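Going down the list, the sequences are from chains A and B.
Residue numbers for the first sequence follow this note's numbering, beginning at 405 and rising by one.
Residue numbers for the second sequence follow this note's numbering, beginning at 405 and rising by one.
Number of protein chains: 2
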Amino acid sequence: MTSTTGPVSSDAAGPVRINAMERSTTATGGGSSRREATRQKLYEAAVTLIAEQGFSATTVDEIAERAGVAKGTVYYNFASKSVLFEELLRHGVGLLTASLREAAEQTDLAGGTKVDALDAMIRAGLGFIARYPAFTQLYVAELWRTNRAWQSTLMVVRQQVVAVIEDVLRAGVANGEFSDEIDVPLTAAALVGMVLVAALDWQSFQPERSLDDVHAALSRLLQGRVSGSR
Amino acid sequence: MTSTTGPVSSDAAGPVRINAMERSTTATGGGSSRREATRQKLYEAAVTLIAEQGFSATTVDEIAERAGVAKGTVYYNFASKSVLFEELLRHGVGLLTASLREAAEQTDLAGGTKVDALDAMIRAGLGFIARYPAFTQLYVAELWRTNRAWQSTLMVVRQQVVAVIEDVLRAGVANGEFSDEIDVPLTAAALVGMVLVAALDWQSFQPERSLDDVHAALSRLLQGRVSGSR
DNA sequence: GTTTTTGTACTGACCAGTCAGTTCAAGGCG
DNA sequence: CGCCTTGAACTGACTGGTCAGTACAAAAAC
């Protein structure tokens, strides 16, 4: 019921503000809010359970129980366990990319450099991970799996995240702020990894640190202020 | 049978040089080589299957079949599926840390700086991942799981990897090469993440790139040569 | 009166772990 | 050498349990 569990927290009683991806809820365009509330509860329950145990080890009965809902309801709302998971993934990644893109845009509007934009995106990424740790865990754990039914969903979802960063890197190269010798895709992947792993480590092994601490450490690394004492 | 699958390749016909952890193979002190060969086959089979599908989705029957061995043999050699997995983890991480540590030492002996050492470790890490991609996948996917039977094994194993890097960072701070304001644990985690994620991305999504390419990109990032055109 | 949820019961597949029995390899012995 | 013994290593059918997904009648909710 409480939030802090996943990327699906929005007030269940309020109007629907999910980034639309439903097949065709109803013709009215609003979508039944009762149904939507149930889905939210299922997302929240599923995201934590799957993050903790993995997809296969998590049972539909568990998800239903944690969501406070009958098992039949799960199947009334989602075609299968896998479909529930895929929609969860898409939903969460939508939130993440929106957050990153917004951070980059804000910096642009404020007349910041591209380094500033990257920095702001690091902060936004950390903020997202702090708010939705379970989702992040699940994302990392499933992203590099091959041989899985939802391979294609995973590819799409990865590309969305990386693309946001690649855009900023390319813009920086174009305006001369970054070396034109940087490898855009690899650097983007490395940056994602840096933030992801540092943040997960932070959450799992030293949760007492503040977001600012973590941000400062990563920012220093990004700007090459590691070598050179002082 | 071929290697390239996991951190468990050594020639099965050769003398036993496994990092010892056997209960009490025989009194002769050598350990049955037949048994050891079977274990190797099981490790190899398990590492790829678990990397592809995850621990829970991989069945003991599958592992046995891929290893060309009967199911009972798995249980003759390992107390349970989880134990097999834990020993696999420990074995692989042992190889990784040895490789990292060696890279750092070599640099030291050659009179290199600590930045050089980090650079050499990045290269060693990339080499390891290229040789044992399945193990790396599995490591990343399982490392941040909570609520799991092998929590403690995971903690130990993580600490071993991070410690190698932290040591170099601390040495660099001590000799004035690095700023004394860097956050050692966080920076170490970030570096691990940078290498891990960039390498997995490389393997999964742009395998045509050479190790040198990837190394160059990460090295540039490490040394802050991203900003500044040229 | 239509949509959504509930609760319970059921099915069929799948799977971790077991165990009684078989094979292997190495040493002893005639 | 060929034969036997012994214990370690291996086998694979079997068991007990679990779980995804189904079915459906009755109750809420709207």
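Each residue gets a CB set at the ideal place from its N, CA and C atoms; glycine is no exception.
In this text the structure is predicted, and so the values were computed from the model without any measurement.
Around the Cβ of residue i, are there at least 16 other Cβ atoms within 10 angstroms (buried) or fewer (exposed)?
i: K475(A); result: exposed
i: D616(A); result: exposed
i: K518(B); result: buried
i: S428(A); result: Confidence in S428(A) is poor, its pLDDT being 34 and thus under 50, which makes the residue's placement unreliable; the coordinate value appears in the next sentence. Per the 10 Å Cβ criterion, exposed.
i: T557(B); result: buried
i: A471(B); result: buried
i: Q541(A); result: buried
i: A521(B); result: buried
i: G576(B); result: buried
i: D584(A); result: exposed
i: L513(A); result: exposed
i: G515(B); result: exposed
i: A621(B); result: buried
i: G580(A); result: exposed
i: M425(A); result: Below a pLDDT of 50, predicted positions are generally treated as unreliable, and M425(A), at 35, falls in that range; no measurement from the model is reported.
i: G433(B); result: The predicted model places G433(B) with a pLDDT of 36, which falls under 50 and marks its position as unreliable; any figure quoted below should be read in that light. Burial call: exposed.
What are the boundary residues of the alpha helix (DSSP H) that includes residue i?
i: I569(A); result: 555-578
i: G529(A); result: 518-535
i: F489(B); result: 485-513
i: V618(B); result: 615-626
i: N481(A); result: 475-481
i: I586(A); result: Unbroken run through I586(A): none, as it is neither H nor E.
i: Q444(A); result: 437-457
i: R470(B); result: 464-471
Checking 8 Å against the spacing of the C-beta atoms, do residue i and residue j come in under that value?
i: V566(B); j: A592(B); result: yes
i: M559(A); j: M598(B); result: no
i: F532(A); j: S503(A); result: yes
i: L547(A); j: R535(A); result: no
i: Q627(B); j: P589(A); result: no
i: R624(B); j: I454(A); result: no
i: A450(B); j: L492(B); result: yes
i: G498(A); j: F539(A); result: no
i: R468(B); j: T462(B); result: Note on residue identity: the sequence assigns Ala, not Arg, to residue 468(B). Contact: no.
i: A545(A); j: R494(B); result: no
i: V568(B); j: R505(B); result: yes
i: Q555(A); j: T501(A); result: no
task = Pull out every residue of the region 502-533 of chain B whose Cβ sits closer than 8 Å to any Cβ of chain A, in chain order.
result = Residues passing the 8 Å Cβ filter: V519.
request  = Can you give me, in chain order, the residues of the region 573-595 of chain B that have a beta carbon less than 7 Å from any beta carbon in chain A?
outcome  = G580, E581, F582, S583, D584, I586, D587, P589, L590, T591, A593, A594
query = Using 8 Å as the threshold, is the region 436-443 of chain A in touch with the region 466-482 of chain A, meaning 3 or more CB pairs across them?
reply = yes
ask   = Any chance the region 451-468 of chain A sits against the region 521-530 of chain A, with 3 or more Cβ pairs inside 8 Å?
value = Result no; under three Cβ-Cβ pairs closer than 8 Å.
ask   = Is the region 598-613 of chain B close to the region 578-595 of chain A, with three or more CB pairs under 8 Å?
value = A contact between stretches requires three or more CB pairs, one per stretch, nearer than 8 Å, and the region 598-613 of chain B meets this requirement with the region 578-595 of chain A.
query = Looking at chain A, which residues of the region 598-625 of chain B have a Cβ within less than 9 Å of any of its Cβ atoms?
reply = M598, V599, L600, V601, A602, A603, L604, D605, W606, Q607, S608, F609, Q610, R613, D617, V618, A620, A621, L622, R624, L625
request  = Indicate whether the contact test is met: 3 or more Cβ pairs, each with one atom in the region 509-519 of chain B and one in the region 486-493 of chain B, closer than 8 Å.
outcome  = no
ask   = What residues in the region 538-552 of chain A have a beta carbon less than 9 Å from any beta carbon of chain B?
value = Answer in chain order: T540, Q541, V544, A545, E546, L547, W548, R549, T550, N551, R552.
request  = Select from the region 457-481 of chain B all residues with a C-beta closer than 8 Å to any C-beta belonging to chain A, and list them in chain order.
outcome  = Q457, G458, F459, S460, A461
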